[in-house]
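So that you can map any letter, position 113 of the sequence shown is 484 in this note's numbering, and since no number is skipped, the others follow by simple counting.
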Amino acid sequence: MQIKLSDGEQHGIASTCLGEAEVIARLCANIADANVDAVILTSWQNRDYYSWFRTLFWTLDTRPLLAIARRDRARIAIIISSSEERNAQAWPNRHVQPMYHHGYTEVAVSAAGEFLNDLSAGAAVRFDYGPNMFRRGPIALIDYLRAAQRKCRLSHQADLIWQQRLVKSQHELATKRQARRIATASFFC
372 MQIKLSDGEQ HGIASTCLGE AEVIARLCAN IADANVDAVI LTSWQNRDYY SWFRTLFWTL
432 DTRPLLAIAR RDRARIAIII SSSEERNAQA WPNRHVQPMY HHGYTEVAVS AAGEFLNDLS
492 AGAAVRFDYG PNMFRRGPIA LIDYLRAAQR KCRLSHQADL IWQQRLVKSQ HELATKRQAR
552 RIATASFFC
């Protein structure tokens with residue numbers, strides 16, 4: 372895509388994320404190093420950073436979206452409303468596995484629970500406790516994972532995510548530099 376600023380200069384913006392595989396591989400390595408079985412992302416910033424999925428319902432917390440990374444899976448799962456199916460198909464990402472739910476918070480939590488169901492008892496699961504869903508979804512999911520038969524060990528994952536996001540791929544660096552050039556040029560044209 373090209374953006375033309377008032378100075379007439381054309382600025383190109385990459386339309387694909389070349390660093391997707393790198394970001395996912397780095398996350399899987401960090402999960403393994405931390406001895407964590409799964410990471411559940413509820414904040415839109417983390418969910419978008421790892422899945423590159425942009426929701427059609429970004430302002431509606433009634434149709435929750437979760438991203439789940441598992442140590443034993445190569446792709447990140449996104450738990451999204453079935454009304455997002457067309458959106459997910461329009462922007463396919465081979466590093467992301469969409470899983471659709473047909474309802475609201477309870478149904479989304481159930482779908483996430485099913486995705487995590489085969490984790491061993493006592494599995495280490497980390498959350499980002501995002502403000503999305505007004506905390507309704509994460510609490511229901513925590514209850515599901517703490518059920519007697521699972522007894523997952525739950526904790527916050529901020530340290531794991533920030534360790535991950537400190538390192539930038541070449542694509543991320545190039546994109547940030549391009550954004551900085553465009554922003555600077557837009558103020559001083």
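Note that CB positions come from ideal geometry on N, CA and C, so glycine has one too. Please read all numbers here as calculations on a predicted model, not as lab measurements.
Taking the beta carbon of residue i as the centre, do at least 16 other beta carbons fall within 10 Å, making it buried, or is it exposed?
i    : result
N406 : exposed
R465 : exposed
V480 : buried
T413 : buried
E391 : buried
S452 : buried
L487 : buried
R497 : buried
R524 : exposed
D499 : buried
I374 : Model confidence at I374 stands at a pLDDT of 41, short of 50, so the residue's coordinates are unreliable and nothing is read from them.
D514 : exposed
I449 : buried
Considering just the uninterrupted stretch of the beta strand (DSSP E) at residue i, what are its terminal residues?
i    : result
S452 : 447 to 452
R497 : 495 to 498
Measuring alpha carbon to alpha carbon, tell me which of the options ends up nearest residue i.
i    : options                : result
H527 : V394, E391, V410       : V410
H473 : L436, A495, V496       : L436
V394 : Q549, A483, R457, I532 : I532
Which two residues bound the contiguous alpha helix (DSSP H) that contains residue i?
i    : result
F486 : 476 to 487
A461 : 456 to 461
What number of angstroms, rounded off, separates the C-alpha of residue i from the C-alpha of residue j?
i    : j    : result
R425 : D419 : 7 Å
Q468 : Q520 : 26 Å
V538 : L512 : 30 Å
S454 : W423 : 18 Å
R536 : A400 : 13 Å
S540 : M470 : 27 Å
D443 : S491 : 12 Å
A483 : A396 : 22 Å
E485 : A440 : 14 Å
E543 : T476 : 33 Å
D404 : K522 : 22 Å
K547 : A554 : 10 Å
N417 : Q534 : 13 Å
With DSSP collapsed to three states, give me the class of residue i.
i    : result
L544 : helix
A518 : coil
Q468 : strand
A405 : coil
M504 : With a pLDDT of only 49 at M504, under the threshold of 50, the placement of this residue in the model should not be trusted; the figure read from the coordinates follows. Here M504 sits in helix by DSSP.
A396 : helix
F424 : coil
A529 : helix
L412 : strand
A556 : helix
L437 : strand
R536 : helix
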